[in-house]
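Below: the structure, in structure tokens.
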Amino acid sequence: QKEVEQNSGPLSVPEGAIASLNCTYSDRGSQSFFWYRQYSGKSPELIMSIYSNGDKEDGRFTAQLNKASQYVSLLIRDSQPSDSATYLCAVNINNAGNMLTFGGGTRLMVKP
Amino acid sequence: KAGVTQTPRYLIKTRGQQVTLSCSPISGHRSVSWYQQTPGQGLQFLFEYFSETQRNKGNFPGRFSGRQFSNSRSEMNVSTLELGDSALYLCASSWGQGAWETQYFGPGTRLLVL
């Protein structure tokens, strides 16, 4: 079992819809979770970090964390074609310094 | 503030050669981590440096090494290059060292080994 798992997609949503991206992780003791967006040929850019159970909102983005279920998700409201990218879930497994373990990424396609 | 910078941006080498990649973190950031990204394996952690000391190391062979200088700039070296080393090498910096630190990525160095 991989330590951080994501559905590779592609996830296709129409413009204006809500995109829901999911991630599960194996280490129950993990404390910090990050979502990065990566456009084709570019490097990952941080969208959000989340550390506590519940929801965290930033503009059109909402991260949700459920440590009991070892599940973290990212919701993108009012999806735009410019949101089309690969979304990477990253977990600090074992709270080991700055070592992030990444999921394989979910490719999101927002169709006009 | 300027972001993380990496040089060179593109590199072509042949098998058996060695390569050195450079990373300058965001001003004030003291931690630098390196990652390798390939289509098959995704993003994988290589190593992390904080205050010139390697703090964590990923599951890569000894051909991969790195160091950090007193100004927090970091270099990674890959010796005896193999075809499978072709990848995007990403450097990320953060202010400190801890599970809650946010890492910011540079643009990467794309290495092609022929």
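Residue numbers (the working numbering), protein chains in the order written: chain A, 24 to 135; chain B, -10 to 103. Beta carbons: idealized from backbone N, C-alpha and C, even for Gly.
With fewer than 16 other beta carbons inside 10 angstroms of its own, Phe58 (chain B) counts as exposed. Chain A has no Cβ within less than 8 Å of the Cβ of Asn66 (chain B).
Residues of chain B whose Cβ lies closer than 7 Å to the Cβ of Pro67 (chain A) are, in chain order, Phe94. Taking Gly55 (chain B) as the centre and dropping the five residues before and after it, the same chain places the C-beta of Trp23, Leu35, Phe36, Tyr38, Gln43, Ser63, Glu64, Met65 and Asn66 closer than 8 Å to its C-beta, in chain order.
Counting only runs of at least 3 residues, the stretch 25 to 60 of chain B fully encloses the following beta strand (DSSP E) elements, listed from N- to C-terminal order: 31 to 39, 42 to 46 and 53 to 57. Here Thr124 (chain A) has Glu26, Val27, Val114 and Ile116 as same chain residues with Cβ atoms under 6 Å from its own Cβ, once five neighbours each way along the sequence are excluded. Leu79 (chain B) places its beta carbon less than 8 Å from that of Gln26 (chain B). Within the stretch 67 to 105 of chain A, complete alpha helix (DSSP H) segments of at least 4 residues are not found at all. Within the stretch 31 to 42 of chain B, the residues whose Cβ lies closer than 8 Å to any Cβ of chain A are, in chain order, Gly31, Leu32, Gln33, Phe34, Glu37 and Phe39. A check of alpha carbon separations from Gln54 (chain A) across A:Thr129, A:Ser72 and A:Gln29 identifies A:Ser72 as the nearest.
Contact annotation: in the stretch 98 to 128 of chain A, residues whose CB is within less than 9 Å of a CB in chain B are Leu111, Ala113, Asn115, Asn117, Asn118, Ala119, Gly120, Asn121, Met122, Leu123, Thr124, Phe125, Gly126, Gly127 and Gly128.
Assignment of Ile15 (chain B) by DSSP, reduced to helix, strand and coil, places it in the coil class. Comparing alpha carbon positions, the residue from A:Gly126, A:Thr109, A:Asn76 and A:Leu131 closest to Gly64 (chain A) is A:Thr109. A direct Cα-Cα distance of roughly 5 Å separates Tyr(-1) (chain B) from Arg99 (chain B).
Here DSSP, grouped into helix, strand and coil, assigns Leu72 (chain B) to helix. With contacts defined as CB atoms closer than 8 Å, Gly5 (chain B) and Gly95 (chain B) fail to qualify as a contacting pair. Taking all protein chains shown into account, Asp81 (chain A) has fewer than 16 neighbouring C-beta atoms within 10 Å of its C-beta and is therefore exposed. The beta carbons of Asp106 (chain A) and Leu131 (chain A) sit closer together than 8 Å.
With fewer than 16 other Cβ atoms inside 10 Å of its own Cβ, Leu101 (chain B) counts as exposed. Residues of the stretch 71 to 86 of chain A with a C-beta less than 9 Å from any C-beta of chain B: Ser72 and Tyr74, listed in chain order. For Tyr62 (chain A), there is no enclosing beta strand (DSSP E), as DSSP marks it with neither H nor E.
Apart from sequence neighbours up to five positions away, the residues of its chain that approach Thr(-6) (chain B) with a beta-carbon distance below 7 Å are Ser13 and Gly95, ordered along the chain. Within the stretch 79 to 91 of chain B, the residues whose Cβ lies closer than 8 Å to any Cβ of chain A are, in chain order, Leu79, Ala81, Ser83, Gln86, Gly87, Ala88, Trp89, Glu90 and Thr91.
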